[in-house]
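Input: a single structure, listed below in structure tokens.
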Amino acid sequence: MELKRVIDRVYWLLDRRRTLVTLSAYGGDSVYGEKIFNFNGKVYREWVPYRSKFAAAFYKGLNGIDIKDSYKVLYLGASSGTTVSHVSDIIGVNGQVYAVEIAEEMAVNLILLAEERKNIFPIVDDARKPENYSGSVPKCDLLYQDVAQRDQTDIFIKNADLFLKSGKIGVFAVKTRSIDVSVDPREVVKNEVKKLRAKFDVIREINLYPYQKDHSLLILRKK
Ligand SMILES: C[S@@+](CC[C@H](N)C(=O)[O-])C[C@H]1O[C@@H](n2cnc3c(N)ncnc32)[C@H](O)[C@@H]1O
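The following block contains the structure:
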């Protein structure tokens, strides 16, 4: 078994096959049933591409992104915290991830997770109304969004305007079927990218098939 670095605290674990893992910042507990590996005295958590669009992007060729130790991240559409837990690993105990989730039943697990992982700050609110949480969220080094809503691009732009530092990265999971089921998904992404270009440079667009259906991940840099 050996580890190959992808970015700080994210590795390919190379055995008979390759497995994406994050170096755990908070010990050896599994968060959502993912495998735990102990290697050279450290704990690594499998980052499952069928459960996390961010992980799927690495399996589909993403090999670098500006997220690292001590970063402040705003995460919209946190759900029960599956991907948030890996972001929490990457930014480490000195980072902060502000995790916004609208559905109270999902937020229950997120709040429990935040009790274990002190760098997660759960916010039960609507990402369409960033003014509601502007008092508790600072300027951030990365914005991640996965909300699967028709107006997802407007939500992304609104939050980036308020919270994302210029020159920093936005990661935007576009669910093509949430926008318009009757239009070819490639056209849907193209139209959303057009709206984003005024404020962002589009660095990459990654189709997440076969790990995630009807999804592309856009990597954007705020101008
Ligand atoms: C596909 S799930 C997110 C999965 C999660 N990102 C992960 O990888 O672990 C989408 C989530 O966005 C939430 N959501 C939808 N609309 C929202 C809104 N306006 N504000 C905040 N969260 C929202 C949903 O309740 C749902 O939990």
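For the record, in the sequence shown the residue sitting at position 28 is 901 according to the numbering used here, with numbers rising by one throughout.
Backbone N, C-alpha and C define an ideal beta-carbon position, used for all residues, glycine too.
Since this is a predicted model, take the numbers as computed values, not measurements.
Using a Cβ-Cβ cut-off of 8 Å (strictly less than) and excluding sequence neighbours within five positions of residue i, which residues of its own chain qualify?
{"i": "Ala-972", "result": "Tyr-948, Ala-951, Gly-954, Val-957, Leu-983, Ala-987, Ile-993, Phe-994, Pro-995, Ile-996"}
{"i": "Leu-887", "result": "Met-874, Glu-875, Leu-876, Lys-877"}
{"i": "Lys-1072", "result": "Ile-1030, Ala-1033, Asp-1034, Lys-1095, Lys-1096"}
{"i": "Asn-1005", "result": "Asp-998, Asp-999"}
Count the other CB atoms, across all protein chains shown, that sit within 10 Å of the CB of residue i; report buried if there are 16 or more and exposed otherwise.
{"i": "Asp-1057", "result": "exposed"}
{"i": "Asn-1032", "result": "buried"}
{"i": "Glu-974", "result": "buried"}
{"i": "Lys-908", "result": "exposed"}
{"i": "Leu-1015", "result": "buried"}
{"i": "Glu-849", "result": "Because residue 849 is not part of the residues shown, which for the chain are 874 to 1096, the question remains open."}
{"i": "Pro-922", "result": "buried"}
{"i": "Pro-1003", "result": "buried"}
{"i": "Arg-890", "result": "exposed"}
{"i": "Asp-1074", "result": "exposed"}
{"i": "Arg-918", "result": "buried"}
{"i": "Leu-985", "result": "exposed"}
{"i": "Val-1054", "result": "exposed"}
{"i": "Asp-1019", "result": "buried"}
Taking 7 Å as the limit between beta carbons, can you name the residues of its chain near residue i, skipping five residues before and five after?
{"i": "Leu-1081", "result": "Lys-926, Ala-929, Ala-930, Lys-933, His-1088, Ser-1089, Leu-1090"}
{"i": "Tyr-1105", "result": "Here the chain comprises residues numbered 874 to 1096, so residue 1105 is not present and cannot be evaluated."}
{"i": "Ile-1092", "result": "Ile-938, Ile-1042, Val-1044, Ile-1076, Arg-1077"}
{"i": "Tyr-944", "result": "Ile-964, Gly-968, Asp-1014, Leu-1015"}
{"i": "Ala-980", "result": "Glu-974, Pro-995, Val-997"}
Could you give the C-beta distance for residue i and residue j, rounded to a whole number, given that I count them as a contact under 8 Å?
{"i": "Val-970", "j": "Ala-898", "result": "Between Ala-898 and Val-970 the Cβ distance is about 11 Å, and since that is not below 8 Å, they are no contact."}
{"i": "Tyr-1017", "j": "Val-946", "result": "6 Å"}
{"i": "Asp-942", "j": "Gly-968", "result": "7 Å"}
{"i": "Gly-1110", "j": "Val-916", "result": "Because the chain spans 874 through 1096 in this model, residue 1110 falls outside it and cannot be assessed."}
{"i": "Ile-1079", "j": "Leu-896", "result": "23 Å between Cβ atoms; not a contact."}
Which residue's Cα is closest to the Cα of residue i: the options?
{"i": "Lys-1038", "options": "Val-1010, Ile-1052, Ile-1028", "result": "Val-1010"}
{"i": "Val-1066", "options": "Tyr-1084, Pro-1083, Ala-1046", "result": "Ala-1046"}
{"i": "Val-894", "options": "Trp-920, Lys-915, Gly-900, Val-916", "result": "Trp-920"}
{"i": "Asp-881", "options": "Ser-903, Gly-1008, Val-960", "result": "Val-960"}
{"i": "Gly-1040", "options": "Asp-1024, Lys-1012, Gln-1025", "result": "Lys-1012"}
{"i": "Arg-990", "options": "Thr-892, Glu-977, Ser-903", "result": "Ser-903"}
{"i": "Leu-1069", "options": "Glu-978, Asp-1024, Asn-911, Thr-892", "result": "Asp-1024"}
Go through its chain and collect everything with a Cβ distance to residue i's Cβ below 6 Å, but skip five positions before and after it.
{"i": "Ile-940", "result": "Ile-963, Leu-1015"}
{"i": "Asp-1027", "result": "none"}
Any chance you could list the beta strand (DSSP E) runs of at least 3 consecutive residues sitting entirely within the region 893 to 952, in chain order? Correct list: 909 to 912, 915 to 919, 945 to 949.
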